[in-house]
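Student: Quick one: the structure is below, and I'll ask about it shortly.
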Amino acid sequence: MSLEKLLENPRVWRGSCQASARAGLASGYPKLDRCLPGGGWPQQALTEILTDQYGIGELRLLMPALAELSTEETHYGEQREPGWIAWIAPPFQPYPPALQQSGIDLSRMLIVRPKDDSDLLWSAEQALSSGTCVAVLLWPDKLDDQGSRRLQLAAEKGHSWAIAFRPLTARQQPSAAALRLELQSTGQGTRVHILKSRGGRPAVLDSLL
Amino acid sequence: MLRDTAPTAPASQQQLPFTEPMPLTRPLLVAPKQVRRLWFCIWLPNLPLEACGSSAEALAIVEEQHGIHRVLQVDPVAAAVGIMPGQSANAALALLPTLRLEERSRVREQQVLEALATWLERFSSFVSIAGKDVLLLEIGGSLRLFGGLPSLRQTLSKDLDAKGFSAAMAIAPTPLAATWLARAGRRACIRAEENLGPALRKLPLSCLDWSAGQCESLTGMGVHTVGDCLRLPRAGFARRFGAKRLLDLDRALGHLPDPRDSWRAPERFCADHEMAEEQSDRELLLQICRELLLSHEQFLLARQLGTQRLCFSFFHLKSVATELRLGAAFADRSAERWFDLLNIRFEQFRLPEAVIAVRLQSGLSQPLQAESAHLCFDNKAGTQRRRFSIAQLAERLVARIGDHSVNALATVAEHRPEYAWSVQSLLSDGSSSTLMACDGIVRPLWMLPEPALLPADGDYPLHKGCRLTLLDGPERLETGWWDEQGISRDYYTAVNGAGMRLWVFRNRQRTPNWYLHGIFG
Numbered sequence: 012m013s014l015e016k017l018l019e020n021p022r023v024w025r026g027s028c029q030a031s032a033r034a035g036l037a038s039g040y041p042k043l044d045r046c047l048p049g050g051g052w053p054q055q056a057l058t059e060i061l062t063d064q065y066g067i068g069e070l071r072l073l074m075p076a077l078a079e080l081s082t083e084e085t086h087y088g089e090q091r092e093p094g095w096i097a098w099i100a101p102p103f104q105p106y107p108p109a110l111q112q113s114g115i116d117l118s119r120m121l122i123v124r125p126k127d128d129s130d131l132l133w134s135a136e137q138a139l140s141s142g143t144c145v146a147v148l149l150w151p152d153k154l155d156d157q158g159s160r161r162l163q164l165a166a167e168k169g170h171s172w173a174i175a176f177r178p179l180t181a182r183q184q185p186s187a188a189a190l191r192l193e194l195q196s197t198g199q200g201t202r203v204h205i206l207k208s209r210g211g212r213p214a215v216l217d218s219l220l
Numbered sequence: 022m023l024r025d026t027a028p029t030a031p032a033s034q035q036q037l038p039f040t041e042p043m044p045l046t047r048p049l050l051v052a053p054k055q056v057r058r059l060w061f062c063i064w065l066p067n068l069p070l071e072a073c074g075s076s077a078e079a080l081a082i083v084e085e086q087h088g089i090h091r092v093l094q095v096d097p098v099a100a101a102v103g104i105m106p107g108q109s110a111n112a113a114l115a116l117l118p119t120l121r122l123e124e125r126s127r128v129r130e131q132q133v134l135e136a137l138a139t140w141l142e143r144f145s146s147f148v149s150i151a152g153k154d155v156l157l158l159e160i161g162g163s164l165r166l167f168g169g170l171p172s173l174r175q176t177l178s179k180d181l182d183a184k185g186f187s188a189a190m191a192i193a194p195t196p197l198a199a200t201w202l203a204r205a206g207r208r209a210c211i212r213a214e215e216n217l218g219p220a221l222r223k224l225p226l227s228c229l230d231w232s233a234g235q236c237e238s239l240t241g242m243g244v245h246t247v248g249d250c251l252r253l254p255r256a257g258f259a260r261r262f263g264a265k266r267l268l269d270l271d272r273a274l275g276h277l278p279d280p281r282d283s284w285r286a287p288e289r290f291c292a293d294h295e296m297a298e299e300q301s302d303r304e305l306l307l308q309i310c311r312e313l314l315l316s317h318e319q320f321l322l323a324r325q326l327g328t329q330r331l332c333f334s335f336f337h338l339k340s341v342a343t344e345l346r347l348g349a350a351f352a353d354r355s356a357e358r359w360f361d362l363l364n365i366r367f368e369q370f371r372l373p374e375a376v377i378a379v380r381l382q383s384g385l386s387q388p389l390q391a392e393s394a395h396l397c398f399d400n401k402a403g404t405q406r407r408r409f410s411i412a413q414l415a416e417r418l419v420a421r422i423g424d425h426s427v428n429a430l431a432t433v434a435e436h437r438p439e440y441a442w443s444v445q446s447l448l449s450d451g452s453s454s455t456l457m458a459c460d461g462i463v464r465p466l467w468m469l470p471e472p473a474l475l476p477a478d479g480d481y482p483l484h485k486g487c488r489l490t491l492l493d494g495p496e497r498l499e500t501g502w503w504d505e506q507g508i509s510r511d512y513y514t515a516v517n518g519a520g521m522r523l524w525v526f527r528n529r530q531r532t533p534n535w536y537l538h539g540i541f542g
């Protein structure tokens, strides 16, 4: 039996193949891109960002990629329409002039403020699976394993990118996310710790931001 | 030679003693003879019965005549046990104690007739309600669209049947002739005006809707058919039976124009669904709402309209009605989409009591924005992936979590940070953002709803108990005298011990306090 034949067997699973099948979205931080499989943010998947603090660059980390997404025309078959970015339950008010400075198209922003966590998860799922949102940022109070799986599936279905911001305590919980990052502020800047990366390996990036 | 060139009058006209028409009592509109007019008449002889809807039990319609309730019409179930029109209500009940008796309601009949006229507008641009049980359609202009007369006739007859109406139909070049032919029960179809005379001549007087007294005196004179009437001297006929009757004959034969009022349906939809008894089964209520939405769709379809707002009212026996309002991002009529929204809302909707009736009212209707579909039909991948548009997503979110919870953002040309942006509803028109000049000024990605007062240690602000290090600044922002919300502040970029980058300012008015206004996310 030749090696090719053996590899065609559906029972043989190769991690590197899966990861390289889909190109990532360049994050705008070459140092980070080099550590991520596919050379950037995994698309059609859930990304978790674990942090206990605001103002340490958690949004700046995403801004180049989001700016790219909000202006780029998405190629969904023949439908040529720039994608929307949904913000679900942000902790503060996203400030439009600053977003505009970061290059985000404001006319493609959707702010959703749900009443509770079940509405939050429902809204996120709707937005992800609608096929109109290219990215959905959410700040859930609690997110269990099942919830993260739902988000992951919805992101795959709608070809969207889910970004969940969670506290550091969520580190011990299992999650279906394709990528989990931990953000911590050190004296020299913000350290990005890749906890989990589907098809890649964990890494620590000091003073990225 | 001379005979050949002379205009030939229609055969019926030659037989009339006087060829001049009667002087007109009022000016009449004469339609330009571009399209040959053809009138389709629908006569609903069983309207009193059919207006009550169909039911499994035996039903009889009664009407008060000289102080006694007499049976007017019966359904087949009641007729089978021997109940006949003309019987007294008591006699009918003696024959069948379980018989459902309904008082005749002219208002209800009129409503049903209007609903039918509204529905018929899809077949013709000119629908007219003629009398209490007759509908007229001008179909001369619709024939091509509906694939010819036989096909149109078949469609109409099938659809009326499905709606539960037994109708007599006739087609003629004049509205009155069509009505008479329908009343005579002839499935007549006369397209040429020349054939009208011979067909009408044979009609008995009973189908003319003339008063019983006049018909009786005509019968006494040995006049039994329309043809007999036409043979009478016109002047004498007009004197004895009124100019109106002679006008009827002239109009039926097409000698005189016969203008009709066109039915115009109301532009707002409002329909009720009443139930025999109170219901609290949510599935059933949803089903009723769905039916109402379907008729709502038909209503709007006939007008090429859509609506953005809908209101369902659930009526209870003992308390005031509960209302459920729905909003859509753009005008639409699709029952499927409205039902989808209703489903989302209905999940969290509580009804205090059982429901006896449901009403659906539509908001202001507006012309629909037709959307171009894609020419490529085989583009499956694209259509599957894209389930709904942003507007549909927004209205689904609004339906579940509320109107003010889903917003879009825009910038405003304004130097004061708290006024430099605005929240916009997604369900309104497109947002208009002013593009700000980015001349090196820094703004934080997170904004606090209100500036938060910071404690101070001498000249330095404190955050979470430790001194802030000022990195950048000051940037002075001041004035706003035009709306009395003036500011005078020095803004700094600061960093706290934990590495958080903050946007703080020191007030230059009144007390020089420090405030936290934003966070550099």
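Those protein sequences? They're chains H and W, same order as listed. Using the numbering used here, read the first sequence as starting at 12 and increasing by one per residue. Using the numbering used here, read the second sequence as starting at 22 and increasing by one per residue. Beta carbons: idealized from backbone N, C-alpha and C, even for Gly.
1) Heavy atom of the ligand FAD less than 8 Å from the Cβ of W/E214, yes or no?
2) Give me the Cα-Cα distance between W/V433 and H/A56, rounded to the nearest whole angstrom.
3) Within 9 Å of any Cβ in chain B, is that where the Cβ of H/S134 sits?
4) Going along chain H in order, which residues have a C-beta closer than 7 Å to the C-beta of W/G539?
5) Measure the beta-carbon distance from H/S81 to H/I60 and round it to whole angstroms, keeping in mind my assumption that it falls under 8 Å.
6) Going by C-alpha distance, which of H/Q112, H/I122, H/L162, H/F103 is nearest H/S129?
7) H/K153 CB to nearest chain W CB: under 9 Å?
8) Along the stretch 120-133 of chain H, what residues have a CB closer than 8 Å to any CB found in chain W?
9) Can you tell me the Cβ-Cβ gap for W/A543 and W/C228, rounded? I've got them flagged as a contact below 8 Å.
10) First and last residue of the beta strand (DSSP E) that includes W/F335?
11) Going straight from the alpha carbon of H/I115 to that of H/D217, what length do you get?
12) In the DSSP assignment, find the unbroken beta strand (DSSP E) run with W/E416 in it and report its ends.
13) Report the three-state DSSP secondary structure of W/F144 (helix, strand or coil).
14) Please confirm if W/R531 has its CB atom under 9 Å from at least one CB of chain H.
15) How would you write the range of the beta strand (DSSP E) that W/E435 sits in, first residue to last?
16) Tell me whether the beta-carbon of H/L149 lies closer than 9 Å to the beta-carbon of H/A135.
17) So, helix, strand or coil for H/F176, using DSSP?
18) To the nearest angstrom, report how far apart H/A166 and H/A76 are at their CA atoms.
19) Is there at least one Cβ from chain W nearer than 9 Å to H/T201's Cβ?
20) Just the chain H side, please: which residues come within less than 7 Å of W/S410 by C-beta, in chain order?
21) With W/T176 and W/F167 assumed to form a contact (beta carbons below 8 Å), what rounded beta-carbon distance in angstroms separates them?
22) Evaluate W/V133 with the Cβ neighbour count: other Cβ atoms within 10 Å of its Cβ, from every protein chain shown; 16 or more gives buried, anything less gives exposed.
23) Looking at the structure shown, is W/D480 part of a helix, part of a strand, or coil, going by DSSP?
24) With a threshold of 8 Å on Cβ separation, who are the neighbours of W/G243 within its own chain once the five nearest residues in sequence on each side are excluded?
25) In terms of alpha-carbon separation, which member of W/F290, W/S355, W/E318, W/Q382 lies closest to W/F335?
26) Using the C-alpha atoms, what's the distance from W/L93 back to W/A136?
27) According to the neighbour-count rule (16 or more other Cβ atoms, all chains shown, within 10 Å of its Cβ), is W/I89 buried or exposed?
28) Could you name the residues of the same chain whose beta carbon sits closer than 7 Å to that of W/P38, not counting the 5 residues immediately before and after it, in chain order?
29) Identify every residue that forms a DSSP beta bridge with W/L80.
30) Between the stretch 64-74 of chain H and the stretch 192-205 of chain H, do at least 3 Cβ pairs fall closer than 8 Å?
31) Along the stretch 64-86 of chain H, where does the CB come closer than 7 Å to a CB of chain W? Name the residues.
32) Assuming W/P327 contacts W/A352 under a Cβ cut-off of 8 Å, what Cβ separation, rounded to an integer in Å, is found between them?
33) Using CA atoms only, rank isn't needed, just tell me which of W/P69, W/W60, W/L120 is closest to W/A77.
34) Going along the stretch 188-199 of chain H in order, which residues come within less than 8 Å of chain W, judged by CB to CB distance?
35) Just the Cα atoms here: how many angstroms apart are W/W201 and W/L224?
36) Comparing the C-beta of H/Q111 with each C-beta of chain W, is any distance below 9 Å?
Tutor: Looking at the atomic coordinates:
1) Only the bare structure without any ligand can be found here, which leaves the ligand FAD out of the picture.
2) The residue given as residue 433 of chain W occupies position 412 in the second sequence. The residue given as residue 56 of chain H occupies position 45 in the first sequence. Roughly 35 Å between the two C-alpha positions.
3) No chain B is part of this structure, whose protein chains are labelled H and W.
4) Here the question's residue 539 of chain W lines up with position 518 in the second sequence. Residues of chain H passing the Cβ test: Y106.
5) Within the first sequence, the letter at position 70 stands for residue 81 of chain H. Within the first sequence, the letter at position 49 stands for residue 60 of chain H. About 19 Å separates the two Cβ atoms, so there is no contact after all.
6) Within the first sequence, numbered from 1, the residue matching residue 129 of chain H stands at position 118. H/S129 has its Cα closest to that of H/L162, out of H/Q112, H/I122, H/L162, H/F103.
7) Residue mapping note: residue 153 of chain H aligns to position 142 of the first sequence, counting from 1. Cβ-Cβ to chain W under 9 Å: no for H/K153.
8) M120, L121, I122, V123, R124, P125, K126, D130, W133
9) Outside the displayed span of chain W (22 to 542) sits residue 543 of chain W, for which this structure offers no information.
10) Counting from one through the second sequence, the residue named residue 335 of chain W turns up at place 314. Residues 326-336.
11) Indexing the first sequence from 1 puts residue 115 of chain H at position 104. Indexing the first sequence from 1 puts residue 217 of chain H at position 206. Rounded to the nearest angstrom, the two C-alpha atoms are 27 Å apart.
12) Indexing the second sequence from 1 puts residue 416 of chain W at position 395. Note, W/E416: premise wrong, no beta strand (DSSP E); alpha helix (DSSP H) at 411-422.
13) Working through the second sequence from its first residue, we reach residue 144 of chain W at position 123. In this structure, W/F144 counts as coil in the three-state DSSP scheme.
14) Working through the second sequence from its first residue, we reach residue 531 of chain W at position 510. Chain H contact via Cβ: absent.
15) Within the second sequence, numbered from 1, the residue matching residue 435 of chain W stands at position 414. Neither: W/E435 is in no beta strand (DSSP E) and is coded neither H nor E.
16) Mapped onto the first sequence, residue 149 of chain H falls at position 138. Mapped onto the first sequence, residue 135 of chain H falls at position 124. Yes, the Cβ-Cβ distance between H/L149 and H/A135 is below 9 Å.
17) As a working mapping, residue 176 of chain H is identified with position 165 in the first sequence. Strand at H/F176.
18) Locating residue 166 of chain H in the first sequence gives position 155, counting from the first residue. Locating residue 76 of chain H in the first sequence gives position 65, counting from the first residue. Taking the straight line from one Cα to the other gives about 17 Å.
19) Position 190 of the first sequence holds residue 201 of chain H. Yes, H/T201 lies at the interface with chain W (some Cβ there is under 9 Å from its Cβ).
20) Against the second sequence, residue 410 of chain W aligns to sequence position 389. Simply T143.
21) Residue mapping note: residue 176 of chain W aligns to position 155 of the second sequence, counting from 1. Residue mapping note: residue 167 of chain W aligns to position 146 of the second sequence, counting from 1. W/T176 to W/F167, Cβ: 7 Å. Contact.
22) Counting from one through the second sequence, the residue named residue 133 of chain W turns up at place 112. It counts as buried.
23) Reading the second sequence from its first residue, position 459 is the one you call residue 480 of chain W. In this structure, W/D480 counts as coil in the three-state DSSP scheme.
24) Along the second sequence, read from residue 1 onward, the residue named residue 243 of chain W stands at position 222. Once the five neighbours on either side are set aside, the close Cβ partners of W/G243 are D249.
25) Taking the second sequence and counting its residues from 1, one reaches residue 335 of chain W at position 314. Comparing Cα-Cα distances from W/F335 to each of W/F290, W/S355, W/E318, W/Q382, the minimum goes to W/Q382.
26) Within the second sequence, residue 136 of chain W is the residue found at index 115, counting from 1. Within the second sequence, residue 93 of chain W is the residue found at index 72, counting from 1. Looking at the two C-alpha atoms, the distance is approximately 23 Å.
27) Position 68 of the second sequence, counting from 1, holds the residue named residue 89 of chain W. Exposed: under 16 other Cβ atoms inside 10 Å.
28) Indexing the second sequence from 1 puts residue 38 of chain W at position 17. For W/P38, the predicted structure reports a pLDDT of 44, less than 50, and the residue's modelled location is therefore unreliable. A value from the coordinates is still provided. Taken in chain order, the residues that qualify are P254, R255.
29) Numbered from its first residue, the second sequence carries residue 80 of chain W at position 59. Beta-bridge pairing links W/L80 to W/R121.
30) yes
31) Q64, Y65, G66, I67, E69, L70, R71
32) Along the second sequence, read from residue 1 onward, the residue named residue 327 of chain W stands at position 306. Along the second sequence, read from residue 1 onward, the residue named residue 352 of chain W stands at position 331. Before going on, a small fix: residue 327 of chain W reads as Gly here, not Pro. Between W/A352 and W/G327 the Cβ distance is about 3 Å, and since that is below 8 Å, they are a contact.
33) Here the question's residue 77 of chain W lines up with position 56 in the second sequence. Among W/P69, W/W60, W/L120, the Cα nearest to that of W/A77 belongs to W/L120.
34) S196, T197, G198
35) Here residue 201 of chain W is taken as the residue at index 180 of the second sequence, counted from 1. Here residue 224 of chain W is taken as the residue at index 203 of the second sequence, counted from 1. Roughly 8 Å between the two C-alpha positions.
36) For the purposes of this step, residue 111 of chain H is taken as residue 100 along the first sequence, with counting starting at 1. So, interface residue.
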